[in-house]
Amino acid sequence: YIHNIRDMKVLHTIRETPPNPSGLCALSISNDNCYLAYPGSATIGEVQVFDTVNLRAANMIPAHDSPLAAVVFDASGTKLATASEKGTVIRVFSIPEGQKLFEFRRGVKRCVSICSLAFSMEGLYLSASSNTETVHIFKLETQKEKPTEEPTTWGGYLGKVLMASTTYLPSQVTEMFTQGRAFATVRLPFSGHKNICALALIQKIPRLLVAAADGYLYLYNLDPQEGGECTLMKQHRLDGSAEPPNEILEQGSHDRPLTAQTYNTAGMKGTHPQSVVSQIGTGRPGPAGSLVVRTLDQ
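The sequence shown begins at 1 in the UniProt record's numbering and counts up one residue at a time.
Here it is, written out as structure tokens:
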């Protein structure tokens, strides 16, 4: 159901949707490109894109072979990131065209459950968290093509032969050569907990915020030039309870850091982690007259 938030009247009802027990959907916050994304199938990773301004279907994107696990729009509403239940590949599509812009590999060793996808406000970074201890941050930049040069060493010739041979390999193998890898990573002090991430610019430095089911909000620094492993800076309890006295963290330590700056979290008691990160990540409420979506179990 699509409601007008001014008076909560139902503007439109999307019928005959597939079973969606987790209520998976995403709504763009842009006034100019306000779209809704939701699963188009319960068995494969189809994404239905709905124009919530003109109240009509905009596109259907065949994003993955497996059912969808996560979808999210960037702030401009022109990009959509998706992940499947396997959790190994993250894809980014143009909206509303549905053209694949980026493809990132989160890992190959194991399938994981993706908990959260989040774009930075300017759309340059994309974070992906899961039920493991690692959060991956990808950089959305197009690689500039370098002019073709003839190799001058045996190693150069070997590399050229290997690249040429990929045209004869199965498509699944070829994709692994072309998929991007993480620009930066975060090692959380836990695994197995559901968590929600947000990328924000705080004091002119890119930061990753992670609100986890262990009751903490973690704050990491992201190096915009070098990437690599992000530095754990601060953490805050989400239930409003007091922290012990401040301590200094050693580099690379995964102990819980203690903060010099504290937030008033008394009013956050019982707040879902996603709502906390949404408030901190955007720093502002949604646009006036924007639409909200309520989903009902099938």
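Glycine included, every Cβ here is placed at the ideal spot set by N, Cα and C.
Ranked by Cα distance from alanine 70, the first of Thr78, Ala37, Met60, Asn59 is Ala37.
Along the length of the stretch 7–62, whole alpha helix (DSSP H) runs at least 4 residues long do not occur. For the 8 Å CB-CB criterion, leucine 80 and isoleucine 95 form a contact.
For histidine 136, the enclosing beta strand (DSSP E) begins and ends at 134–139. In this structure, the alpha-carbon of proline 224 lies about 19 Å from that of threonine 134. Judged by DSSP in its simplified three-state form, glutamine 203 adopts coil rather than helix or strand. Residue state for lysine 100 is assigned as strand, using DSSP reduced to three classes.
The three-state reading of DSSP puts arginine 106 in coil, since its state is none of H, G, I, E or B.
Distance between valine 47 and threonine 82, taken at the CA atoms: about 9 Å. Between serine 113 and the set Ala198, Val10, Ser66, Gly87, the nearest pair of CA atoms involves Gly87.
The shortest C-alpha to C-alpha distance from leucine 27 to any of Val72, Asp7, Asn131 is the one to Val72. Sequence-distant partners of proline 206 (beyond 5 residues in either direction) whose C-beta falls short of 6 Å from its own C-beta, in its chain, are Leu222, Pro224. Its chain contains Ser30, Asn33, Gly123 as the residues whose beta carbon lies nearer than 7 Å to that of serine 76, once the 5 sequence neighbours on both sides are disregarded; these appear in chain order.
When DSSP states are grouped into helix, strand and coil, glutamine 235 belongs to the strand group.
In this structure, the straight-line span from the alpha carbon of aspartate 74 to that of serine 120 is close to 8 Å. One alpha carbon belongs to histidine 193, the other to isoleucine 61, and they sit about 30 Å apart. Straight-line spacing of the CA atoms in arginine 237 and serine 41 works out to 38 Å. Where alanine 213 is concerned, there is no enclosing beta strand (DSSP E), because DSSP gives it neither an H nor an E. Collapsing the DSSP output to three states places valine 112 in coil.
With respect to the C-alpha of phenylalanine 138, the residue from Asp51, Glu229, Asn20, Val10 having the closest C-alpha is Glu229. Serine 127: member of the beta strand (DSSP E) spanning 125–130, first to last residue.
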